[in-house]
Amino acid sequence: MQKTITAIEDKNIEAMMGGTGCPTVVILPGMSSSMYEWELIYNQLFHLTTVVVVHRPGVGNSELGEESRTTYTTALDLKQFLDIHRMAEPILLIGHSYGGLCAQHFAKLFPNSVAGVMLVDSTSIHLQRLNQIPLSDDDDSDERWIKKCIYYSRMTPKQLAEEIKPQLESNQLTLSPSAQRNMILCQTNPNLYKAMASEINAWEKCALTIKQAGEFPAVPLVVIGRDPEYSVRHTEEMTKEDAIAIENMWQDLILEQVTLNGNGKYILAENAGHSIHLDRPDIIVKAVKNLLINL
Numbered sequence: 633m634q635k636t637i638t639a640i641e642d643k644n645i646e647a648m649m650g651g652t653g654c655p656t657v658v659i660l661p662g663m664s665s666s667m668y669e670w671e672l673i674y675n676q677l678f679h680l681t682t683v684v685v686v687h688r689p690g691v692g693n694s695e696l697g698e699e700s701r702t703t704y705t706t707a708l709d710l711k712q713f714l715d716i717h718r719m720a721e722p723i724l725l726i727g728h729s730y731g732g733l734c735a736q737h738f739a740k741l742f743p744n745s746v747a748g749v750m751l752v753d754s755t756s757i758h759l760q761r762l763n764q765i766p767l768s769d770d771d772d773s774d775e776r777w778i779k780k781c782i783y784y785s786r787m788t789p790k791q792l793a794e795e796i797k798p799q800l801e802s803n804q805l806t807l808s809p810s811a812q813r814n815m816i817l818c819q820t821n822p823n824l825y826k827a828m829a830s831e832i833n834a835w836e837k838c839a840l841t842i843k844q845a846g847e848f849p850a851v852p853l854v855v856i857g858r859d860p861e862y863s864v865r866h867t868e869e870m871t872k873e874d875a876i877a878i879e880n881m882w883q884d885l886i887l888e889q890v891t892l893n894g895n896g897k898y899i900l901a902e903n904a905g906h907s908i909h910l911d912r913p914d915i916i917v918k919a920v921k922n923l924l925i926n927l
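Structure representation (structure tokens):
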């Protein structure tokens with residue numbers, strides 16, 4: 633694994649990259665996730681082709697610039713990153729969760745730069761429908777998350793560590809000790825929460841912008857969705873009724889992504905929650921291998 637720091641506009645962007653060959657596989661992790669969570673998948677793919685996992689500004693050692701964090705700015709950052717490193721295009725673009733929303737925007741802005749797109753339990757361009765679900769508790773509302781993120785963003789790393797007492801999930805303990813240490817460092821970086829507050833505040837507007845950005849390119853599209861029964865069973869922060877209501881809507885939104893173009897294929901990640909890349913990395917690796925053969 634080679635970690636790089638790339639100057640883009642008024643900030644530095646961190647990524648890990650390795651391997652040789654085309655097409656280049658570019659991975660955009662989820663909103664609060666780090667590139668280190670993709671270690672198992674990266675280690676299997678870089679033997680096959682060039683692999684790049686990018687930290688968005690605010691995550692790890694990627695610096696926050698002056699602009700607001702949106703899917704548009706993330707797409708522009710990624711295009712500049714590819715150009716600076718003279719990465720062969722078109723790429724195979726993989727986006728998880730919020731990273732999937734950014735991937736959708738990139739694909740519409742730069743259709744000639746993508747050979748294929750994989751959306752891993754991706755945030756939908758119709759995400760506002762999740763906020764319209766009546767719940768018994770509003771602790772998970774966007775407004776609460778933004779306030780919490782702003783509160784965390786004003787702390788020092790030491791204060792943040794004392795406040796959130798960062799711990800790794802069981803599926804993260806399968807990663808190397810180095811990856812585990814770096815994930816804790818990411819969790820205790822106040823810039824992560826400053827970026828998240830900006831991203832959450834803008835994401836409904838971003839989704840509307842993506843919908844209005846024209847047709848999704850006619851490239852191979854793979855949509856991998858989590859296991860609904862597994863997800864409800866492992867949800868602890870809300871009532872079972874609320875969890876089922878959200879999960880039903882989430883599954884509808886995932887399946888709709890298959891129709892972004894006429895080439896969509898759906899894969900159910902059995903026994904996996906939202907972090908499919910950690911619960912079932914084998915499913916993602918197999919799907920990427922199949923795409924590489926056919927691109």
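633 is the number of the first residue of the sequence shown in this note's numbering; add one for each residue after it. Quick reminder that beta carbons are idealized off the backbone N, C-alpha and C, glycines included.
Check	Outcome
Short check: CB of glycine 662 to CB of tyrosine 704, under 9 Å?	no
Just the C-alpha distance for serine 768 and aspartate 874, rounded to the nearest angstrom, thanks.	7 Å
Compute the minimum distance between the beta carbon of asparagine 922 and the heavy atoms of the ligand NAD, and state whether it is under 8 Å.	Ligands in the displayed structure: none, and consequently the ligand NAD is not present.
Quick check: the Cα distance between phenylalanine 848 and alanine 904, rounded to an integer number of angstroms?	27 Å
Any idea what DSSP makes of glycine 732, helix, strand or coil?	helix
When the Cβ atoms of the stretch 835-849 are set against those of the stretch 698-712, are three or more pairs found closer than 8 Å?	yes
Indicate the three-state DSSP secondary structure (helix, strand or coil) for alanine 845 in the structure shown.	coil
Taking C-alpha atoms, which residue in Arg813, Leu751, Pro766, Asn821 lies nearest to isoleucine 782?	Asn821
In the stretch 707-758, which residue ranges form an unbroken alpha helix (DSSP H) of at least 4 residues, counting only runs that do not cross its ends?	730-741
Assuming histidine 737 and histidine 909 make a contact with CB atoms under 8 Å, what is their CB distance in whole Å?	20 Å between Cβ atoms; not a contact.
Can you tell me whether DSSP reads alanine 877 as helix, strand or coil?	helix
Would the stretch 634-646 count as touching the stretch 706-718 if we require 3 or more Cβ pairs under 8 Å?	yes
The alpha helix (DSSP H) with alanine 647 in it runs from where to where?	Taken as a continuous stretch (DSSP letters only), alanine 647 belongs to no alpha helix (DSSP H), being part of the beta strand (DSSP E) at 643-650.
Taking Cβ positions, are glutamate 879 and proline 860 nearer each other than 9 Å?	yes
Taking 6 Å as the limit between beta carbons, can you name the residues of its chain near asparagine 693, skipping five residues before and five after?	Glu646
To the nearest angstrom, how far is it from the Cα of leucine 680 to the Cα of glutamate 869?	40 Å
Where arginine 865 and isoleucine 876 are concerned, what is the direct C-alpha to C-alpha distance, given to the nearest angstrom?	9 Å
What does the Cβ neighbour count give for leucine 696, buried or exposed, with the cut at 16 atoms within 10 Å?	buried
For valine 917, does the three-state DSSP call read helix, strand or coil?	helix
By how many angstroms is the C-alpha of histidine 906 removed from the C-alpha of isoleucine 778?	21 Å
Quick one, which of Leu672, Ile659, His717, Gly653 has its alpha-carbon nearest glutamine 812's?	Leu672
With DSSP as the reference, please indicate the residues paired to glycine 697 in a beta bridge.	Looking at the DSSP assignment, glycine 697 forms no beta bridge with any residue, so it has no partner.
Do you know offhand how far tyrosine 784's Cα is from glutamate 831's?	15 Å
Just to confirm my understanding: we take serine 842, look at its own chain, exclude 5 residues before and 5 after, and list those with CB closer than 6 Å. What are they?	It should be noted that the sequence gives isoleucine, not serine, for residue 842. Cβ within range, chain order: Gln736, His737, Ile757.
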